[in-house]
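Numbered by the working numbering, the letters in the sequence shown go through residues 347 to 530 in order. Every residue gets a Cβ at the ideal spot worked out from N, C-alpha and C, and that includes glycine.
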Amino acid sequence: MDKNRVEKLVRELIIEIGEDPTREGLRDTPARIAKAYKEIFEGYDSNSELSVQFSEDSEVVVAKDIQFYSMCEHHMLPFFGKIQIAYAPNGRVFGISKLVRLVEKYSKRLQIQERLTKNIADELYSHGVKGVAVMAEAEHLCMKMRGVKNDARVSSSAFRGIYENQNQKEEIVRVIQNRPLDPV
Ligand SMILES: [Zn+2]
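Quick look at the structure:
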């Protein structure tokens, strides 16, 4: 991102909104936004790789409630919430910080929630695990602040490998949601 160009564009946007970019409160806003956008969209620069793995024998690994913040690509307004990741390792497991960075790699860019969920599942699955389940629940400010002002939370999920099988899918969703087994 060209910091000076971003500042110039934001200054113009402020004028179009009907404001005075030279008044005290707004004078430094273009620079602040340029700085904030660098961080909000740093997913494009991420070269984070899921390389460090630990040997461990486990049937399923669940990383719960990974907080994320993203920007909807239709309105450039935030959507944010929590992501649950479960995977069936193939002898080795990933460090939890690697999973958090994987979420950031795909959330810190212009996104839609459904693709965010798929991006995470696909990258994790490409590392040779037997199955991946990713579930996200988020609030979208573009729905809350404008238009229909719908307060609903949006859910999305993606399943890969063994979790594409209906029974395995139901089982892993139950594990993620911590629900007890159905009585037999
Ligand atoms: Zn939107």
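Residues that DSSP places opposite residue i in a beta bridge
| i | result |
| --- | --- |
| Q430 | M481 |
| G507 | G477 |
| Q413 | K428 |
| H486 | F425 |
| S501 | E483 |
| V408 | A432 |
Anticipated Cβ contact below 8 angstroms, residue i with residue j, distance rounded
| i | j | result |
| --- | --- | --- |
| V356 | T375 | 7 angstroms |
| L372 | M417 | With 8 angstroms as the limit, L372 and M417 do not qualify as a contact, their Cβ atoms being about 22 angstroms apart. |
| I412 | K428 | 7 angstroms |
| G477 | Y452 | Contact flag wrong, Cβ pair sits at about 19 angstroms. |
| I466 | V439 | 16 angstroms between Cβ atoms; not a contact. |
| A503 | V480 | Reading off the sequence shown, one finds Ser at residue 503, where the question assumed Ala. Right, the Cβ-Cβ distance comes to about 6 angstroms (below 8 angstroms), so this counts as a contact. |
| V352 | Y383 | 6 angstroms |
| R506 | Y471 | 4 angstroms |
| V388 | K444 | The sequence shown places Glu at residue 388, rather than the Val named in the question. Contact flag wrong, Cβ pair sits at about 16 angstroms. |
| V519 | V408 | Incorrect: roughly 11 angstroms between the Cβ atoms, too far for contact. |
| R499 | E516 | About 21 angstroms separates the two Cβ atoms, so there is no contact after all. |
(request) Quick one: which unbroken beta strand (DSSP E) runs of 3-plus residues sit fully inside the stretch 434 to 472? Chain order, please. (result) The beta strand (DSSP E) runs lying completely inside the stretch 434 to 472 and spanning 3 residues or more are 438 to 440, given in chain order.
(request) Check whether the stretch 424 to 433 touches the stretch 471 to 487, counting contact only when three or more Cβ pairs, one atom from each stretch, lie closer than 8 angstroms. (result) yes
(message) Three Cβ pairs or more, each shorter than 8 angstroms: is that satisfied between the stretch 376 to 390 and the stretch 428 to 447?
(response) Contact between the stretch 376 to 390 and the stretch 428 to 447 is absent, because fewer than three Cβ pairs lie under 8 angstroms.
(request) Spell out a yes or no on whether the stretch 458 to 467 and the stretch 382 to 398 are touching, meaning 3 or more CB-CB pairs, one atom from each, closer than 8 angstroms. (result) no
(request) Give me every residue whose Cβ sits closer than 5 angstroms to any heavy atom of ligand 1, in chain order. (result) Having a Cβ closer than 5 angstroms to some heavy atom of ligand 1 are C418, H420, H421, C488.
(request) Could you tell me which uninterrupted beta strand (DSSP E) segments, each at least 3 residues in length, are contained entirely in the stretch 353 to 402, listed from first to last along the chain? (result) 399 to 401
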